[in-house]
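J.: Here the protein sequences line up with chains A and B, keeping their order.
Offset between the first sequence (1-based) and this note's numbering: plus 17.
Offset between the second sequence (1-based) and this note's numbering: plus 17.
Protein chains: 2
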Amino acid sequence: MTTDEYILGLTERAAATARTLAGLSTDAKNQVLQEMASGILDHDEAIVTANARDLQAARTAGLSPAMLDRLTLDHARIEAMAEGLRQVAALPDPVGDELRVIRRPNGLVIRKVRVPLGVIVVIYESRPNVTVDAAGLCFKSGNAVILRGGSEALHSNAAILEAMLEAGRSAGLPANAIELVQTPDREAVHALLQQEQHVDLVIPRGGESLIRAVAEHSRVPVLKHYKGVCHVYVDRDADHEMAVNIVVNAKCQRPGVCNAMETLLVHEDIAEAFLPNVANALLSRGVELRGDERTCRIVDQAKPAVESDWSEEYLDLIAAVRVVASLDEAIEHIEQYGTHHSDVIVTNDDAAAQRFTREVDSATVYVNASSRFTDGYEFGMGAEIGISTGKLHARGPCGLEELTTYKYIIQGTGQVRD
Amino acid sequence: MTTDEYILGLTERAAATARTLAGLSTDAKNQVLQEMASGILDHDEAIVTANARDLQAARTAGLSPAMLDRLTLDHARIEAMAEGLRQVAALPDPVGDELRVIRRPNGLVIRKVRVPLGVIVVIYESRPNVTVDAAGLCFKSGNAVILRGGSEALHSNAAILEAMLEAGRSAGLPANAIELVQTPDREAVHALLQQEQHVDLVIPRGGESLIRAVAEHSRVPVLKHYKGVCHVYVDRDADHEMAVNIVVNAKCQRPGVCNAMETLLVHEDIAEAFLPNVANALLSRGVELRGDERTCRIVDQAKPAVESDWSEEYLDLIAAVRVVASLDEAIEHIEQYGTHHSDVIVTNDDAAAQRFTREVDSATVYVNASSRFTDGYEFGMGAEIGISTGKLHARGPCGLEELTTYKYIIQGTGQVRD
Numbered sequence: 018m019t020t021d022e023y024i025l026g027l028t029e030r031a032a033a034t035a036r037t038l039a040g041l042s043t044d045a046k047n048q049v050l051q052e053m054a055s056g057i058l059d060h061d062e063a064i065v066t067a068n069a070r071d072l073q074a075a076r077t078a079g080l081s082p083a084m085l086d087r088l089t090l091d092h093a094r095i096e097a098m099a100e101g102l103r104q105v106a107a108l109p110d111p112v113g114d115e116l117r118v119i120r121r122p123n124g125l126v127i128r129k130v131r132v133p134l135g136v137i138v139v140i141y142e143s144r145p146n147v148t149v150d151a152a153g154l155c156f157k158s159g160n161a162v163i164l165r166g167g168s169e170a171l172h173s174n175a176a177i178l179e180a181m182l183e184a185g186r187s188a189g190l191p192a193n194a195i196e197l198v199q200t201p202d203r204e205a206v207h208a209l210l211q212q213e214q215h216v217d218l219v220i221p222r223g224g225e226s227l228i229r230a231v232a233e234h235s236r237v238p239v240l241k242h243y244k245g246v247c248h249v250y251v252d253r254d255a256d257h258e259m260a261v262n263i264v265v266n267a268k269c270q271r272p273g274v275c276n277a278m279e280t281l282l283v284h285e286d287i288a289e290a291f292l293p294n295v296a297n298a299l300l301s302r303g304v305e306l307r308g309d310e311r312t313c314r315i316v317d318q319a320k321p322a323v324e325s326d327w328s329e330e331y332l333d334l335i336a337a338v339r340v341v342a343s344l345d346e347a348i349e350h351i352e353q354y355g356t357h358h359s360d361v362i363v364t365n366d367d368a369a370a371q372r373f374t375r376e377v378d379s380a381t382v383y384v385n386a387s388s389r390f391t392d393g394y395e396f397g398m399g400a401e402i403g404i405s406t407g408k409l410h411a412r413g414p415c416g417l418e419e420l421t422t423y424k425y426i427i428q429g430t431g432q433v434r435d
Numbered sequence: 018m019t020t021d022e023y024i025l026g027l028t029e030r031a032a033a034t035a036r037t038l039a040g041l042s043t044d045a046k047n048q049v050l051q052e053m054a055s056g057i058l059d060h061d062e063a064i065v066t067a068n069a070r071d072l073q074a075a076r077t078a079g080l081s082p083a084m085l086d087r088l089t090l091d092h093a094r095i096e097a098m099a100e101g102l103r104q105v106a107a108l109p110d111p112v113g114d115e116l117r118v119i120r121r122p123n124g125l126v127i128r129k130v131r132v133p134l135g136v137i138v139v140i141y142e143s144r145p146n147v148t149v150d151a152a153g154l155c156f157k158s159g160n161a162v163i164l165r166g167g168s169e170a171l172h173s174n175a176a177i178l179e180a181m182l183e184a185g186r187s188a189g190l191p192a193n194a195i196e197l198v199q200t201p202d203r204e205a206v207h208a209l210l211q212q213e214q215h216v217d218l219v220i221p222r223g224g225e226s227l228i229r230a231v232a233e234h235s236r237v238p239v240l241k242h243y244k245g246v247c248h249v250y251v252d253r254d255a256d257h258e259m260a261v262n263i264v265v266n267a268k269c270q271r272p273g274v275c276n277a278m279e280t281l282l283v284h285e286d287i288a289e290a291f292l293p294n295v296a297n298a299l300l301s302r303g304v305e306l307r308g309d310e311r312t313c314r315i316v317d318q319a320k321p322a323v324e325s326d327w328s329e330e331y332l333d334l335i336a337a338v339r340v341v342a343s344l345d346e347a348i349e350h351i352e353q354y355g356t357h358h359s360d361v362i363v364t365n366d367d368a369a370a371q372r373f374t375r376e377v378d379s380a381t382v383y384v385n386a387s388s389r390f391t392d393g394y395e396f397g398m399g400a401e402i403g404i405s406t407g408k409l410h411a412r413g414p415c416g417l418e419e420l421t422t423y424k425y426i427i428q429g430t431g432q433v434r435d
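(1) Find the residues of chain B that neighbour residue 409 (chain A), judging by a C-beta separation of less than 9 Å, and give them in chain order.
(2) Does the beta-carbon of residue 83 (chain A) have 16 or more other beta-carbons within 10 angstroms, so that it is buried, or is it exposed?
(3) How long is the line joining the alpha carbons of residue 68 (chain B) and residue 175 (chain B), rounded to whole angstroms?
(4) Can you tell which of A:224, A:109 and A:117 has the C-alpha that lies nearest to the C-alpha of residue 42 (chain A)?
(5) Under DSSP, the alpha helix (DSSP H) around residue 265 (chain A) begins and ends at which residues?
(6) Within 8 Å (strictly less), CB to CB, does residue 243 (chain B) reach chain A?
(7) Where does residue 146 (chain B) sit, in a helix, a strand or coil, going by DSSP?
(8) Pair every Cβ in the region 251-265 of chain A with every Cβ in the region 206-224 of chain A, then say whether three or more of these pairs are closer than 8 Å.
(9) Looking at C-alpha atoms only, which residue of B:349, B:156 and B:217 is the closest neighbour of residue 186 (chain B)?
(10) Would the region 53-63 of chain A count as touching the region 183-197 of chain A if we require 3 or more Cβ pairs under 8 Å?
(11) Please go through the same chain and pick out, in chain order, the residues whose beta-carbon is closer than 6 Å to the beta-carbon of residue 213 (chain B), but skip the five residues on each side of it.
(12) What does DSSP give as the partner residue(s) for residue 386 (chain B) in the beta ladder?
(13) For the region 259-274 of chain B, which residues have a CB atom closer than 7 Å to at least one CB atom of chain A, in sequence order?
(14) CB-CB under 7 Å to residue 381 (chain A), same chain, minus the five flanking residues each way: which ones, in chain order?
(15) Output the boundary residues of the beta strand (DSSP E) element that contains residue 247 (chain A).
(16) For residue 417 (chain A) and residue 400 (chain A), which I take to be in contact (beta-carbon distance under 8 Å), what is that distance rounded to the nearest angstrom?
(17) Residue 159 (chain A) touches chain B at which residues, Cβ-Cβ below 7 Å?
(18) Would you identify the three-state DSSP class for residue 165 (chain B), choosing helix, strand or coil?
(19) Please look up how many angstroms separate the CB atoms of residue 267 (chain B) and residue 388 (chain B), rounded, as I've assumed it's under 8 Å.
(20) Measuring only the C-alpha atoms, how far is residue 192 (chain A) from residue 34 (chain A)?
(21) Quick check: the region 142-161 of chain B against the region 115-124 of chain B, are there 3 or more CB pairs under 8 Å?
(22) Under 7 Å: does the beta carbon of residue 240 (chain B) sit that close to some heavy atom of the ligand HEM?
(23) Could you tell me whether any Cβ in chain A is nearer than 8 Å to the Cβ of residue 376 (chain B)?
(24) Leaving out the 5 sequence neighbours to the left and right, which residues in its chain are closer than 7 Å to residue 292 (chain B) when beta-carbon positions are compared?
(25) What number of angstroms, rounded off, separates the C-alpha of residue 335 (chain A) from the C-alpha of residue 66 (chain A)?
(26) Report the rounded CA-to-CA distance for residue 279 (chain A) versus residue 100 (chain B), giving the unit in angstroms.
(27) Out of A:39, A:262, A:403 and A:169, which one is the CA nearest neighbour of residue 424 (chain A)?
(28) Just confirm the distance between the C-beta atoms of residue 286 (chain A) and residue 172 (chain A), as a whole number of angstroms; I'd bet it's less than 8 Å.
(29) When the cut-off is 8 Å and only beta carbons count, does residue 432 (chain A) lie next to chain B?
(30) Look at the Cβ atom of residue 216 (chain A), then the Cβ atom of residue 154 (chain A), and state whether they are nearer than 8 Å.
(31) Roughly how many angstroms lie between the CA atoms of residue 231 (chain A) and residue 372 (chain B), to the nearest whole one?
(32) Of the residues B:332, B:302, B:343 and B:296, which one's Cα is nearest the Cα of residue 320 (chain B)?
(33) So residue 244 (chain A) packs on residue 356 (chain A), CB below 8 Å; how close in whole Å?
(34) Name the residue from A:262, A:219, A:323 and A:288 whose alpha carbon lies nearest to the alpha carbon of residue 405 (chain A).
(35) When you compare the CB positions of residue 112 (chain A) and residue 133 (chain A), do they come within less than 8 Å of one another, or not?
(36) Does any C-beta atom of chain B lie closer than 8 Å to the C-beta of residue 68 (chain A)?
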């Protein structure tokens, strides 16, 4: 069997199962999720053993300490994965929600009803917990899922999946509802991305290069964000203490994530007064500052920024800083260099806040709060499969609802069209 | 200037204008729409004259009578275009709708708000009325639009647009909000489809080959349906008179459209009793029947169907007919040969209706009504930019709401993340 044949078979079986999954009751799905959680805990030792094999190979291959850490599973992390499945079981089921009911004068009743997407492919890198998260969220939303993890986590992912499937089946999990691509062959990813006939959505999770490669080659729609170059703009009329708190939080609380601030924009009228304060706060936390000319004149410790700094996602304790002449210039800057992810204005001026939130074309725009809240949990979704900076289908944090579509179900009594 | 440079400039200007459009009030937009309607009526003669040039060239080029008819504009059709704009003005404005408000325990207020998509490209064939329809719907939903009509309608489209723009500008229509691609160069379409940076959605309107060419080459998301192979399944327990009415309406009321029935499926238990009735009704209206073996045994006048009949969109007075052993076989047939557009069950059995509507994976599924109702106007949307058989973003008839996305606007009072 060639890789193409293997992938075709996998996606065909998933598509066939998707029809069954669409009809499962919420209770049936929750029971499977609970059993899968127990299955993971019951196979704790086998998972750790499999993970040790991956870790040994990864050490031999010379993976970085950060990547080894991401790959590592211990009892606490396995507990957390099981707990994640239980939390998904506790979430409301979006499938079957009536989004709208239209009663037409001719007596037709048109119901717009939420239904699963069908088959979802998730392509991810070293973290094996994605195997559990993605399987849980896709299953709860009534979708079949095909998982393609990183080759460095192959044994870990296989052990996790085996534990989940064995337990799940005992509670009625249909065959082919959750599948793992069993070959490390890179051709398999390419073949998956061509299956527009059987796959409804691809979700890549990992670094920018993985996501770009998927988006470049996929014939299936992709839910994605490449990177988060997030801005905090401190307006002329802002509470300086609040602004410092927000900037420090957005930059330092967890610098390695996509909703962290990368660039600080400051209105020129307050630059002299505000920049030294915020610079001190950032510098004392070890943040390197890269400023435009005016920033460097006010803040001695700032290094001169180069053009590429404005579009860089540092994911580190580095911040670009620029003084702008106006709200318009701030919006222009964000439009030119931003990534439509999360952008903040700190202001007491309602008119400025309104213009900023209307004109900044990002998935999430904040007034007087840290960009770090762009997250499914923080939004109250209970879970997150990813964040989208695209405008079609779903935007911002994506949870269970964003893994669904709708259909129109029309009930008649024999109506025909004139 | 090369074609690529021309298209890049066009899309950049449209994207810049999109920000202004997103902030226009409903009243301002409606006034522009009313003025554009008047502008078309005022330039009635100029439009007819320009249209005559296109018609003459089309006759010389040997276009079919059907295509000539589609291209022709007379006073009645110009009136209808103006009336269409007035109707769009009367529709509710989706922009600014609050889809959800989430109040978090930390005091953050997260509003999910409907906003325009940004820049929409519409690519269409000979009907010049699409110029007006698409411009009106995109503008009302706050989007900039770039129109690319068929080369055979170039003069007509230019005259219509000039009339609309001149009148619109006098009422405050921003520059570059509605643009027509001014070159018949085919390279221009390809260049447009590569502008993922500035274009948010492409809507092709026309025949299957146009739509496939657009989908094949586009890096921008495409709202589309290739074709409509729609089914009516007459279940074992169906009202025969109702079933005949629905089948005749779905097939004959307007056979050349995508929501017309192409294939009739009949449960074997009622085939002997039902098929002669429905066959007579269809034959008496000039419909050619192409049946499977069992159908041909019951209906003498039916010709034997070949495999390709089951997936053909006839757009004509031809129907494929098949006897199926069960509801399951009907669903399987639709899954295998259908196009996820509009499919009908005629039944008195609630359980069968429920299974059909749940398991048939189409944008619109009907119980006891004609498939011909899949239409934005019939759904009460007031207008339609197209029909989508994709599952992402929008499904089924698409009106103003489907030309929007949402953003999250978060109001804080200084919240930072722990």
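Ideal placement from N, C-alpha and C gives every residue a C-beta, glycine not left out.
T.: The short version:
(1) Mapped onto the first sequence, residue 409 (chain A) falls at position 392. Going along chain B in sequence order, the residues near residue 409 (chain A) (Cβ under 9 Å) are 134, 217, 218, 238, 240, 409, 410, 411 and 422.
(2) If you number the first sequence from 1, residue 83 (chain A) lands on position 66. With fewer than 16 other Cβ atoms within 10 Å, it is exposed.
(3) The residue you call residue 68 (chain B) lines up with position 51 of the second sequence. The residue you call residue 175 (chain B) lines up with position 158 of the second sequence. Between residue 68 (chain B) and residue 175 (chain B), the C-alpha separation is close to 10 Å.
(4) What you label residue 42 (chain A) is simply residue 25 of the first sequence in a count that begins at 1. Cα-wise, what sits closest to residue 42 (chain A) is A:109.
(5) Along the first sequence, read from residue 1 onward, the residue named residue 265 (chain A) stands at position 248. Counting along the chain, the alpha helix (DSSP H) containing residue 265 (chain A) begins and ends at 257-269.
(6) Within the second sequence, the letter at position 226 stands for residue 243 (chain B). Not closer than 8 Å to any Cβ of chain A, the Cβ of residue 243 (chain B) fails to qualify, so no.
(7) As a working note, residue 146 (chain B) is residue 129 in the second sequence. If DSSP states are grouped into helix, strand and coil, residue 146 (chain B) belongs with the helices.
(8) Put simply, the region 251-265 of chain A does not touch the region 206-224 of chain A. Fewer than three CB pairs are less than 8 Å apart.
(9) Stepping through the second sequence from its first residue, residue 186 (chain B) is reached at position 169. Taking each of B:349, B:156 and B:217 in turn and checking the Cα distance to residue 186 (chain B), the smallest one comes out for B:156.
(10) Because the criterion of three Cβ pairs below 8 Å is met, the region 53-63 of chain A and the region 183-197 of chain A touch.
(11) Walking along the second sequence from the start, residue 213 (chain B) turns up at place 196. Correct list, in chain order: 236 and 237.
(12) Your numbering for residue 386 (chain B) matches position 369 in the second sequence. Answer is A:432.
(13) Residues 259, 262, 263, 266 and 270.
(14) Reading the first sequence from its first residue, position 364 is the one you call residue 381 (chain A). So the list reads 359, 391 and 413, once near-sequence residues are dropped.
(15) Mapped onto the first sequence, residue 247 (chain A) falls at position 230. Residue 247 (chain A) -> beta strand (DSSP E) spans 247-251.
(16) As a position in the first sequence, residue 417 (chain A) is number 400, starting the count at 1. As a position in the first sequence, residue 400 (chain A) is number 383, starting the count at 1. Their Cβ separation, rounded to whole angstroms, is 7 Å, which keeps residue 417 (chain A) and residue 400 (chain A) in contact under 8 Å.
(17) Taking the first sequence and counting its residues from 1, the one referred to as residue 159 (chain A) is at position 142. Residues of chain B passing the Cβ test: none, with the nearest at roughly 11 Å.
(18) As a working note, residue 165 (chain B) is residue 148 in the second sequence. Of the three classes helix, strand and coil, the one that applies to residue 165 (chain B) here is strand, per DSSP.
(19) Residue 267 (chain B) sits at position 250 when you count from the first residue of the second sequence. Residue 388 (chain B) sits at position 371 when you count from the first residue of the second sequence. Yes, residue 267 (chain B) and residue 388 (chain B) are in contact; Cβ-Cβ is about 5 Å, under 8 Å.
(20) Here the question's residue 192 (chain A) lines up with position 175 in the first sequence. Here the question's residue 34 (chain A) lines up with position 17 in the first sequence. Roughly 7 Å between the two C-alpha positions.
(21) As far as the Cβ criterion goes, the region 142-161 of chain B does not touch the region 115-124 of chain B, which means the pair count is below three.
(22) Among the components modelled here there is no ligand, and therefore nothing to report on the ligand HEM.
(23) Here residue 376 (chain B) refers to the residue found at position 359 when the second sequence is read from its first residue. Closer than 8 Å: yes.
(24) Start at 1 with the first residue of the second sequence, and residue 292 (chain B) comes out as number 275. 283, 312, 315 and 316.
(25) Your numbering for residue 335 (chain A) matches position 318 in the first sequence. Your numbering for residue 66 (chain A) matches position 49 in the first sequence. Going by the C-alpha atoms only, they are around 39 Å apart.
(26) As a first step, residue 279 (chain A) is located in the first sequence; it is residue number 262 there, counting from the start. As a first step, residue 100 (chain B) is located in the second sequence; it is residue number 83 there, counting from the start. CA-CA distance, residue 279 (chain A) to residue 100 (chain B), rounds to 50 Å.
(27) Counted from its first residue, the first sequence places residue 424 (chain A) at position 407. Out of A:39, A:262, A:403 and A:169, A:39 has the C-alpha closest to the C-alpha of residue 424 (chain A).
(28) Position 269 of the first sequence holds residue 286 (chain A). Position 155 of the first sequence holds residue 172 (chain A). 59 Å between Cβ atoms; not a contact.
(29) By one-based count along the first sequence, residue 432 (chain A) stands at place 415. At least one chain B Cβ lies under 8 Å of residue 432 (chain A).
(30) On the first sequence, position 199 is the one that residue 216 (chain A) refers to. On the first sequence, position 137 is the one that residue 154 (chain A) refers to. Result no, Cβ atoms of residue 216 (chain A) and residue 154 (chain A) do not sit closer than 8 Å.
(31) On the first sequence, position 214 is the one that residue 231 (chain A) refers to. On the second sequence, position 355 is the one that residue 372 (chain B) refers to. Our two residues, residue 231 (chain A) and residue 372 (chain B), have alpha carbons roughly 36 Å apart in a direct line.
(32) Taking the second sequence and counting its residues from 1, one reaches residue 320 (chain B) at position 303. Here the closest residue by C-alpha is B:296.
(33) If you number the first sequence from 1, residue 244 (chain A) lands on position 227. If you number the first sequence from 1, residue 356 (chain A) lands on position 339. Residue 356 (chain A) and residue 244 (chain A) do touch by the CB rule: their CB atoms are close to 6 Å apart, below 8 Å.
(34) By one-based count along the first sequence, residue 405 (chain A) stands at place 388. The shortest Cα separation from residue 405 (chain A) among A:262, A:219, A:323 and A:288 belongs to A:219.
(35) By one-based count along the first sequence, residue 112 (chain A) stands at place 95. By one-based count along the first sequence, residue 133 (chain A) stands at place 116. Going by C-beta atoms, residue 112 (chain A) is nearer than 8 Å to residue 133 (chain A).
(36) For the purposes of this step, residue 68 (chain A) is identified with residue 51 of the first sequence, where counting begins at 1. In terms of beta-carbon proximity, residue 68 (chain A) stays away from the interface with chain B, with every pair separated by 8 Å or more.
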